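Data first, discussion second: the structure below is written as structure tokens.
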Amino acid sequence: MVVAMAASWAHAAPKAALVIGNGAYRSVTPLSNPANDASDMAASLGRLGYRVTLVRDGDLQAMNDGVRAFLRDADHADSVVVFYSGHGVQVKGRNYLIPVSAKIADELDLDTQALSLDKLLDLVDGASAKVKIVILDSCRDNPLAHALVRGAGTRGLARVDLDASEAKGTLIAFSTAPGSVAQDGTGRNSPFTQALLAHMGTPGLDIRQMFGQVRADVDQATQGAQTPWVNEAIIGSFAIAGSVADPQPVKVLQPAQDNAAAVQPTRKEASAVPLPDVPAEAPRNVQPGFILPESGDRQLGWDEVAALSPVQLRVARNEIFARRGRFMKDAQLRAYFSQFYWYRPFTWNVTLNPVEKANLALIQRAESAP
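Taking the working numbering, I'd label the letters of the sequence shown as residues 70 to 439.
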């Protein structure tokens, strides 16, 4: 059984995506980042105009339901993206994506408890989209190697070759080279997903060049230990970002859990303070979403910031960077600023002018005031 939360769309979107992030494994080593990877990827694709179906910590039924929902959208799409973050294994050259509920004792369990990558690729290939992108951040070390030793279970995932004539318009990207192991990462995202999020929103950036930049970032972040691998048969040029006129909401599919199995929020998440509501209307000549709309143009006075609440100060401090197009590491801030048409993140490094630096210091002083 799944719970679906979705907006009602009256018209088919030209772009569709399936995003799955599995980390809360019950019988094998859990992973810290896939749920974050999936949430951030879904939000990014939604901003780029993709109609996204999101599955987090899914059992096999939830993963299959997500595939079905995605395929309904994909039948009417010009381009589709499938993103998976979590455990994946290969046995005798065949790749499988592992649900969080899987209890795999030997090779016989794979076909009934895991999602076959070959089957998923066949379904994606059957969609009418001209461009089909499959991204797999699933080459973590094989948690089932001991159980699958008789089935020749090995490290990483097996190479997937594309027939350029039959798989025209398809691109498959792995977080590391075939047979190699990818890192889950120590931050919010894996090194591969973090690099993807940094570059995929760049307008007009051809997907081959994008993955070249992703490869360079991952190579640097892992000190050469991980090299993303891509196999593609795309005709002409294609940019994931393209030009976006209508950002899309996200459909969330996840397994129904009983109270004992429900994932409890962390103390940090439970204590998070909601960000300010978006005003229904902003004053003329003032862009919506700014606590201090002139913080980039003139030096503010103490009285202007001292009266703000801690939450408002936090937003005011970060809106200085948001105005400059910086990515937001914090998911709450990222979701907040993404509501506004003017927020178009494209870099992690921004240069502030002297006025912005002075106002930033002033806001920080107000935040630390008793």
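Ideal placement from N, C-alpha and C gives every residue a C-beta, glycine not left out.
Note that the coordinates shown come from a computational prediction; the quantities given were computed from them, not determined experimentally.
According to DSSP, residues forming a beta bridge with residue i
| i | result |
| --- | --- |
| G90 | R125 and S154 |
| F406 | None, per the DSSP bridge assignment. |
| K201 | V149 and T239 |
| Y165 | V158 and S185 |
| N300 | I241 |
| K426 | Answer is none; K426 lacks a bridge partner. |
| K84 | S148 |
| D399 | Beta-bridge pairing links D399 to no other residue. |
| T416 | R395 |
| D206 | S154 |
Close Cβ partners of residue i (< 8 Å) along its chain, the five nearest in sequence each way excluded
| i | result |
| --- | --- |
| A221 | Below a pLDDT of 50, predicted positions are generally treated as unreliable, and A221, at 38, falls in that range; the measurement from the model is reported next regardless. Only V160 and K161 meet the Cβ criterion. |
| A107 | V88, I89, G90, L123, V124, R125, F152 and S154 |
| A183 | L129, V158, Y165, L166, I167, P168, A171 and I173 |
| D147 | P83, K84, A198, K199 and V200 |
| A79 | At A79, the pLDDT of 39 sits below 50, so the modelled position is not reliable; the number obtained from the coordinates is stated separately. Taken in chain order, the list of residues that qualify is empty. |
| Q433 | R386 |
| D366 | V424 |
| D288 | Q295 and T296 |
| P439 | none |
Residue i vs residue j beta-carbon contact at 8 Å
| i | j | result |
| --- | --- | --- |
| R257 | N105 | yes |
| F396 | A267 | yes |
| Q368 | A427 | yes |
| N422 | L402 | no |
| A290 | P260 | yes |
| T262 | D194 | no |
| A391 | F406 | yes |
Chain-order list of residues whose beta-carbon lies under 7 Å from that of residue i (same chain, five-residue window excluded)
| i | result |
| --- | --- |
| S96 | A171 and K172 |
| G135 | L87, I89, T122, V124, G127 and L322 |
| A375 | A435 |
| M132 | I89, V124, P168 and L184 |
| D144 | A196 and S197 |
| A430 | none |
| F280 | A242, P297 and V299 |
Assumed close pair residue i, residue j - CB separation to whole angstroms, cut-off 8 Å
| i | j | result |
| --- | --- | --- |
| P103 | G92 | 4 Å |
| S113 | G311 | Not really, about 13 Å apart at Cβ, beyond 8 Å. |
| A400 | D109 | 7 Å |
| R50 | V424 | The chain is shown only over 70 to 439; residue 50 falls outside these bounds and no answer can be derived. |
| A138 | G238 | Actually they do not touch by this definition, with Cβ atoms about 22 Å apart. |
| L140 | L192 | 6 Å |
Close Cβ partners of residue i (< 6 Å) along its chain, the five nearest in sequence each way excluded
| i | result |
| --- | --- |
| A404 | none |
| P272 | A310 |
| L361 | A385 |
| L274 | A308 |
| I389 | S364, E425 and L429 |
| Q282 | H268 |
| A111 | V88, V121, L123 and V319 |
CB contact check: residue i to chain D, cutoff 8 Å
| i | result |
| --- | --- |
| G118 | Although the question refers to chain D, the structure presented lacks it and comprises just one protein chain. |
Ordered list of beta strand (DSSP E) runs contained in the region 95-141, each at least 3 residues: 120-125
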